[in-house]
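A.B. asks:
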Amino acid sequence: MSRQLPPLHALRVFETAARAESLSAAAQELSITHGAVSRQIALLEEWLGQTLFVRQGQRNVATDHARAFAAEISAAFDLIGDAALRFGKAPQTRVVRVNAQTTLAMHWLIARLPAFHATHPDVQVVVTTSSGADPAFRGGFDVAIRRDPPPRPEWQPYERTLLFTERASVVAAPSLLEALPLRRLKDLAKHTFVATQTRVGAWEDWLSVAGVPALRPVRFHRFDHYHVSLQAVVDGLGLGIGCTPTLDRELAAGRLVMPFPNIQADGATYVTLVPRDADKSRPLRDFLAWVHEAADEAAHEAAHTPTAALTPPVRRSTSRATRRTRDGSTG
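Quick note: the sequence shown uses this note's numbering, first residue 700, plus one each step.
(1) Going straight from the alpha carbon of K979 to that of P849, what length do you get?
(2) If contacts are defined as beta-carbon pairs under 8 Å, then H733 and A726 qualify, I think. What distance do you get, rounded to the angstrom?
(3) Which stretch, first to last residue, makes up the alpha helix (DSSP H) that contains G780?
(4) Terminal residues of the continuous alpha helix (DSSP H) containing S980?
(5) What separation, rounded to the nearest whole angstrom, lies between the Cα atoms of A709 and S773?
(6) Going by alpha carbons, who is nearest to L729 out of V712, S737 and E720?
(7) How should L906 be labelled, buried or exposed, when 16 other C-beta atoms within 10 angstroms of its C-beta is the threshold for buried?
(8) Determine contact between the segment 931-941 and the segment 811-819, defined as no fewer than three beta-carbon pairs at a distance below 8 Å.
(9) Relative to the alpha-carbon of P912, which residue among D923, G900, L808 and H920 has its alpha-carbon at the smallest distance?
(10) If you draw a straight line from the alpha carbon of Q896 to that of R851, how long is it in whole angstroms?
(11) Would you give the residue range spanned by the alpha helix (DSSP H) that R948 belongs to?
(12) If contacts are defined as beta-carbon pairs under 8 Å, then K889 and V917 qualify, I think. What distance do you get, rounded to the angstrom?
(13) Taking the continuous alpha helix (DSSP H) assigned at S660, which residues delimit it?
(14) Assuming the contact rule is C-beta atoms closer than 8 Å, V956 and H920 should be a hit. Round their C-beta distance to whole Å, please.
(15) Just mark L707 as buried or exposed, buried being the case when its beta carbon has 16 or more other beta carbons within 10 Å.
(16) Counting along the chain, where does the alpha helix (DSSP H) carrying I844 start and finish?
(17) Which residues does DSSP pair with G939 in a beta bridge?
(18) Given a cut-off of 8 Å on the beta-carbon distance, is the pair P974 and L881 in contact?
(19) Look up V908 in the DSSP assignment and say whether it is helix, strand or coil.
(20) Using only alpha-carbon positions, find the residue among A761, I940 and G910 that is nearest to F922.
(21) Going by the beta-carbon positions, is the gap between V680 and F986 smaller than 8 Å?
(22) What is the DSSP secondary structure of D995, counted as helix, strand or coil?
(23) Please report the straight-line C-alpha distance between Q749 and H764, rounded to a whole angstrom.
(24) Could you have a look at T1017 and say whether DSSP puts it in helix, strand or coil?
(25) Could you round the C-beta distance between R845 and Q800 to whole angstroms and report it? I think they count as a contact, below 8 Å.
(26) Can you say whether L862 is buried or exposed, counting buried as having 16 or more other CB atoms within 10 angstroms of its CB?
(27) Using the DSSP secondary-structure output, state which residues sit across from S829 in a beta bridge.
(28) With DSSP run on the structure shown, which of helix, strand or coil describes L704?
(29) Could you name the residues that DSSP lists as bridge partners for D965?
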């Protein structure tokens, strides 16, 4: 079914005039005559059956109705511009378009981009996010970063390179452990567990590695996305399963602690995917080299971080409690 759209050039002229609040300013911005602006607005008014500008003194002023219409048209033009950038061929202005899953973008990639820009100031990195594992190259993204992409035929046209493999363990807000300490594994049963629908079995896998597969919490809170679950853990709602190096910044900053850092389960594997037939521009090659180096450094830092730096401070209220801690009685 064909859409009934107003003349697009008239819409562009109208949006410019309404935004600039001046027909003369619109003419200057668009490099056309004042008369051409007037004619395009008149054409649009005729198509809409609405008056868009009224005369006030020496000026033509947009009506309230026109200003509201212009705001929506402006938003639509922004969407068209964004779509053209995302779905078009990469321009020659050294742009790298990265599509990453939301959690990785929020907690790992974005925090490291200043380091890339410091060494590549003329490269613009455009990051978009995706919550699914489906291919993201229908619009021509240069590289995607995915967690455990399934072996589907649609992934065959892409070069897959390992970025890093996570290690998973229990994480918590320091304030939660101050109120309800975790001194032994059996203390987990006094807590609420926070789980994620996109990471099914994370708690079961870790409890199995810890040797307490039958342990059950006070209650479970489940969320649809991992980054929502992480925020719930940071806010002290309960214990979660967190992964390094994805969460190394939160752990280093003390927003999260890892009460049992020596008990870790295998986590997800992240990979970069690049279309095999893509034009491997210099900016793209530079970004890929940098992101893999950053992943290697993060994995090295995680492997060499003292476990004491990940654990909450021990509350030594009695000598007996101190003795139990020194004896390593974790249940």
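Heads up, the beta-carbon is just placed ideally off N, CA and C, and yes, glycines get one too. Being a predicted model, the structure only gives us computed values, none of them experimental.
C.D. replies: Reading from the atomic positions:
(1) What you label residue 979 is simply residue 280 of the sequence shown in a count that begins at 1. What you label residue 849 is simply residue 150 of the sequence shown in a count that begins at 1. Straight-line Cα distance between these residues: approximately 25 Å.
(2) As a working note, residue 733 is residue 34 in the sequence shown. As a working note, residue 726 is residue 27 in the sequence shown. Yes, H733 and A726 are in contact; Cβ-Cβ is about 5 Å, under 8 Å.
(3) The residue labelled residue 780 in the question sits at position 81 within the sequence shown. Residues D763 to F786.
(4) As a first step, residue 980 must be located in the sequence shown, where it is residue number 281. Taken as a continuous stretch (DSSP letters only), S980 belongs to no alpha helix (DSSP H), as it is neither H nor E.
(5) As a working note, residue 709 is residue 10 in the sequence shown. As a working note, residue 773 is residue 74 in the sequence shown. Looking at the two C-alpha atoms, the distance is approximately 13 Å.
(6) To locate residue 729, count along the sequence shown from 1; it is residue 30. Here the closest residue by C-alpha is V712.
(7) On the sequence shown, position 207 is the one that residue 906 refers to. It is buried - the Cβ of L906 has at least 16 other Cβ atoms within 10 Å.
(8) no
(9) Indexing the sequence shown from 1 puts residue 912 at position 213. Of the candidates D923, G900, L808 and H920, the one whose C-alpha sits nearest the C-alpha of P912 is G900.
(10) Locating residue 896 in the sequence shown gives position 197, where the first residue counts as 1. Locating residue 851 in the sequence shown gives position 152, where the first residue counts as 1. When rounded, the distance between both Cα atoms is 21 Å.
(11) Within the sequence shown, residue 948 is the residue found at index 249, counting from 1. Where R948 is concerned, the enclosing alpha helix (DSSP H) stretches over D947 to A952.
(12) Along the sequence shown, one-based indexing puts residue 889 at 190. Along the sequence shown, one-based indexing puts residue 917 at 218. Yes, K889 and V917 are in contact; Cβ-Cβ is about 7 Å, under 8 Å.
(13) There is simply no residue 660 to check, as the chain begins at 700 and stops at 1030 in what is shown.
(14) Position 257 of the sequence shown, counting from 1, holds the residue named residue 956. Position 221 of the sequence shown, counting from 1, holds the residue named residue 920. Not a contact, Cβ separation roughly 19 Å.
(15) For the purposes of this step, residue 707 is identified with residue 8 of the sequence shown, where counting begins at 1. Classification of L707: exposed, given that the 10 Å Cβ count is below 16.
(16) For the purposes of this step, residue 844 is taken as the residue at position 145 of the sequence shown. Careful: I844 lies outside any alpha helix (DSSP H), inside the beta strand (DSSP E) at V842 to R846.
(17) Taking the sequence shown and counting its residues from 1, one reaches residue 939 at position 240. Partner(s): V870.
(18) Residue 974 sits at position 275 when you count from the first residue of the sequence shown. Residue 881 sits at position 182 when you count from the first residue of the sequence shown. Taking 8 Å as the Cβ cut-off, P974 and L881 do not qualify as a contacting pair.
(19) Position 209 of the sequence shown, counted from the first residue, corresponds to residue 908. Note: V908 maps to helix in three-state DSSP.
(20) As a working note, residue 922 is residue 223 in the sequence shown. Nearest C-alpha to F922: I940.
(21) The displayed coordinates of the chain run from 700 to 1030. Any statement about residue 680 would go beyond what the structure contains.
(22) On the sequence shown, residue 995 is found 296 positions in, with the first residue counted as 1. Reduced to three states, the DSSP call for D995 is helix.
(23) One-based indexing of the sequence shown puts residue 749 at position 50. One-based indexing of the sequence shown puts residue 764 at position 65. Each residue's Cα considered, the two are about 9 Å apart.
(24) Here residue 1017 refers to the residue found at position 318 when the sequence shown is read from its first residue. With a pLDDT of only 38 at T1017, under 50, the local geometry of the prediction cannot be trusted, and the value read off the model is given with reservation. Coil at T1017, not helix or strand.
(25) Along the sequence shown, read from residue 1 onward, the residue named residue 845 stands at position 146. Along the sequence shown, read from residue 1 onward, the residue named residue 800 stands at position 101. 6 Å between Cβ atoms; contact.
(26) Locating residue 862 in the sequence shown gives position 163, where the first residue counts as 1. So L862 ends up on the buried side.
(27) As a working mapping, residue 829 is identified with position 130 in the sequence shown. For S829, which the question treats as bridged, DSSP gives the partners Q800.
(28) Within the sequence shown, numbered from 1, the residue matching residue 704 stands at position 5. In the structure shown, L704 sits in coil (DSSP, three-state: anything other than H, G, I, E or B).
(29) The count along the sequence shown starts at 1 and reaches residue 965 at position 266. Looking at the DSSP assignment, D965 forms a beta bridge with R866.
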